[in-house]
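Novice: For the record, the sequence lines run as chains A and B.
Just so you know, we're using the working numbering here: the first sequence kicks off at 102 and counts up by one.
Just so you know, we're using the working numbering here: the second sequence kicks off at 21 and counts up by one.
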Amino acid sequence: MKHLRSIDELGLDGLNKLLQLTDHMAEINQRPVPKVPALRGRTVASLFFEDSTRTRLSFETAAKRLSADTMTFNVSTSSVNKGESLRDTVATITDMGVDAFVVRHKSVGIPWQISAWTTASIINAGDGAHQHPTQALVDCYTIREATHAQNFAGMKVTIVGDIKHSRVARSNIQAFSMLGAKVTLVAPPTLLPPDISHWPVDVSHDLDEVLAESDVLYMLRLQSERMAQGHVPTLREYSEQYGLTQKRVMGLRSNAIVMHPGPMNRGVEMQIDPSDVKNSLIHRQVANGVSVRMAVLFELLGSGSNLGGQA
Amino acid sequence: MRKSANEVSSREAMTAADVRRAIVRIAHEIIERNHGVDGLAIVGLQRGGTWIAEEIAAQINQIEKSVAVPVGALDVSLHRDDIGLRPVSLGAISSIPFDLSGATVVVVDDVLFTGRTVRAAMEGLNNYGRPRAVQLAVLIDRGHRELPIRPDFVGKNLPTHRGDEVSVTSQGVFVTPFVDAKS
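1. At least one CB of chain A closer than 9 Å to the CB of N81 (chain B): is that the case?
2. Hey, could you find the ends of the alpha helix (DSSP H) E128 (chain A) is sitting in?
3. Can you give me, in chain order, the residues of the region 233-254 of chain A that have a beta carbon less than 7 Å from any beta carbon in chain B?
4. Could you work out which residue in B:P171, B:Y148 and B:H55 is closest to N130 (chain A) when comparing CA atoms only?
5. Can a CB atom of chain B be found closer than 9 Å to the CB of R132 (chain A)?
6. What number of angstroms, rounded off, separates the C-alpha of V195 (chain B) from the C-alpha of P171 (chain B)?
7. Give every residue of the same chain whose Cβ lies closer than 6 Å to the Cβ of V333 (chain A), excluding the five residues on either side of it in the sequence, and list them in chain order.
8. Assuming V154 (chain B) and V127 (chain B) make a contact with CB atoms under 8 Å, what is their CB distance in whole Å?
9. Could you work out which residue in A:V258, A:L280, A:Q275 and A:D124 is closest to Q356 (chain A) when comparing CA atoms only?
10. Check whether chain B comes within 9 Å of L122 (chain A), counting only Cβ atoms and requiring the distance to be less than that.
11. Which residues, in order along the region 137-168 of chain A, keep a beta-carbon less than 9 Å from a beta-carbon of chain B?
12. Using a Cβ cut-off of 7 Å, pull out every chain A residue sitting near P107 (chain B), in sequence order please.
13. Using a cut-off of 9 Å between C-beta atoms, extract the partners of G149 (chain B) located in chain A.
14. Within 9 Å of any Cβ in chain B, is that where the Cβ of E128 (chain A) sits?
15. Assign G405 (chain A) to one of three DSSP states: helix, strand, or coil.
16. Quick one: grab the DSSP three-state call for A25 (chain B).
17. Three-state secondary structure (DSSP) at S168 (chain A)?
18. If you draw a straight line from the C-alpha of D303 (chain A) to the C-alpha of C241 (chain A), how long is it?
19. Cβ of L98 (chain B) within 9 Å of Cβ of A139 (chain A)?
20. Please check the pair A164 (chain A) and V137 (chain A), which I expect to be a contact at CB under 8 Å, by giving their CB distance rounded to whole angstroms.
21. Name the chain A residues that come within less than 9 Å of I169 (chain B), Cβ to Cβ?
22. Is the beta carbon of P67 (chain A) sitting closer than 9 Å to the one on R367 (chain A)?
23. Apart from the five residues on each side of it in sequence, which residues of its chain come closer than 8 Å, Cβ to Cβ, to R385 (chain A)?
24. Under 9 Å, Cβ to Cβ, is there at least one residue of chain A near L132 (chain B)?
25. Would you kindly report the start and end of the unbroken alpha helix (DSSP H) that includes Q82 (chain B)?
26. Given that G104 (chain B) touches chain A, what residues does it touch there, using C-beta distances under 7 Å?
27. When DSSP labels each residue in this structure, what does D377 (chain A) get in the three-state scheme?
28. Kindly list the residues whose CB is nearer than 7 Å to the CB of A77 (chain B), restricted to its own chain and excluding five residues on each side of it in sequence; keep chain order.
29. Compute the Euclidean distance between the alpha carbons of P294 (chain A) and L336 (chain A), then round it to the nearest angstrom.
30. Rank A:L167, A:A276 and A:Q342 by C-alpha distance to the C-alpha of F253 (chain A) and give the top, closest one.
In structure tokens:
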């Protein structure tokens, strides 16, 4: 495996391999000294053109626990402000000797574009509303950890909220259905992409209707900048219809799981404190983020699976 | 890496009974060397060393009966010095559910060869605490060391060619001689 750019590029075998590898990394994170020398001498550069807290920090932590060196590229203090192009920025960092780029950018397809410009591995940490594969890996791993299910056959996953602008939703829909889950999307018509007839999903506009049947309830952040674009009439109306309220929590199955990729909008899609939900896995999602990203970095840079595969 | 021994050309270096006797003897030697089982912990290396570690611990518990010796398993693949030089296949997940600080740790593996696995294991152990002492028990010492490492307890010294395959199970030890592909 050379790059991790999207879930469909990864495929089911790759997905399972990374989830299995994550078990090993999770054990390392339990040790009194959670650090192994596996990627000693390797360098990982974070290239974030969009804001991030957990993704960037968990990649950085993951790289350090594997003993890789890290470089962080901060757009606001970089030569991008002097007009340096993306291509020149990538070339400059490549010349310093980098083994992997972790890339987040507002434009779709940037990770593919960058991989044409460098010999380093590319990890997509979010491109526009397209893909966020490591988040999907985190979510699959978290569900697997909670349910002890090796695959998700027969599992009903409901994804609620701003599907249209969500790269997390797109990666998760691919990953969940690859593992055999049945995915239902719940959103107002204005927050669904125009044509999803070829997506492996059911669509509903009524959260209460599907609530009682869901094994996993996956809440998405309402990207508040969308308000201005008239996608939802008012925040209050949105949270009435699509937010997780105390009443809706009562309507969940006793063993149903609640997830959220963060950052959370309290009072909008989350009307209650997640710690009040019995089976909330939101903290596990963050904790597993480091183990999953260790697995990804090790697979790309240390596993030797590229040996002989490339010139 | 180590092939199964059911090929015609392999020869038996130890029988199942030999293996069992060696394990019993090593268990006695460990107790004798450490004047008992106080502070003793056994850690088997994934995957070949784990069953031997379990067996040795079971023997020790039968002999001493005072306290149960804790047994752990360590996968050293992420501590190896040849990462990036060859494909890595991870063993089973490590499990050392006790603090190693102050313990006398007996590292157990099936075959001692170059010594690189043991070096990786000594480094890995430090993630779990600072042992008072580390000792090494192996069922087979086949020579060809590349590092200054020697075992404290040996089942059998077995001179081999570098390219030979040595396979160890509770059913016995088998050696498949190296065949030069060119000849």
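No residue lacks a Cβ here, since even glycine has one placed at the ideal position from N, Cα and C.
Keep in mind that this is a model prediction, so the values were computed, not measured.
Specialist: The structure says:
1. For N81 (chain B), the closest Cβ of chain A is not nearer than 9 Å.
2. Looking at the DSSP string, the run of the alpha helix (DSSP H) that includes E128 (chain A) is I108 to Q131.
3. Within the region 233-254 of chain A, no residue has a Cβ lying closer than 7 Å to any Cβ of chain B.
4. Checking every option, the nearest Cα to that of N130 (chain A) belongs to B:Y148.
5. Contact with chain B is found for R132 (chain A), since one of that chain's Cβ atoms lies less than 9 Å from the residue's Cβ.
6. If you take the alpha carbons of V195 (chain B) and P171 (chain B), they lie about 20 Å apart.
7. Excluding sequence neighbours, V333 (chain A) sits near Y339.
8. About 6 Å; that satisfies the 8 Å criterion.
9. Looking at the sequence itself, residue 356 (chain A) is Asn, so the reference to Gln does not match. Comparing C-alpha distances from N356 (chain A) to each of A:V258, A:L280, A:Q275 and A:D124 shows the shortest one belongs to A:V258.
10. With 9 Å as the cut-off, L122 (chain A) counts as an interface residue toward chain B.
11. Those would be V137, P138, A139, L140, R141, G142, R143 and L167, in chain order.
12. In chain order: S404, G405, S406 and L408.
13. Result: P133 and V134.
14. So, interface residue.
15. In this structure, G405 (chain A) counts as coil in the three-state DSSP scheme.
16. At A25 (chain B), the pLDDT of 45 sits below 50, so the modelled position is not reliable and the matter cannot be decided from this model.
17. Of the three classes helix, strand and coil, the one that applies to S168 (chain A) here is coil, per DSSP.
18. Near 19 Å, if we compare the C-alpha coordinates of C241 (chain A) and D303 (chain A).
19. Between L98 (chain B) and A139 (chain A), the C-beta spacing is below 9 Å.
20. The beta-carbon distance between A164 (chain A) and V137 (chain A), rounded to whole angstroms, is 12 Å. This is too long to meet the 8 Å contact definition.
21. Within 9 Å Cβ-Cβ: nothing; I169 (chain B) doesn't reach chain A, min ~18 Å.
22. For residue 67 (chain A) there is no data in the structure shown, the boundaries of chain A being 102 and 412.
23. Here the set comprises T243, E246 and A247.
24. Not closer than 9 Å to any Cβ of chain A, the Cβ of L132 (chain B) fails to qualify, so no.
25. DSSP places Q82 (chain B) inside the alpha helix (DSSP H), whose first and last residues are T70 to E84.
26. Result: G403 and G405.
27. In the structure shown, D377 (chain A) sits in a helix (DSSP, three-state: H, G or I).
28. If you ignore the 5 residues before and after A77 (chain B), its C-beta comes within less than 7 Å of the C-beta of I62, V89 and V91, all in its own chain and listed in chain order.
29. One alpha carbon belongs to P294 (chain A), the other to L336 (chain A), and they sit about 20 Å apart.
30. Residue A:A276 is the option with its Cα nearest to F253 (chain A).
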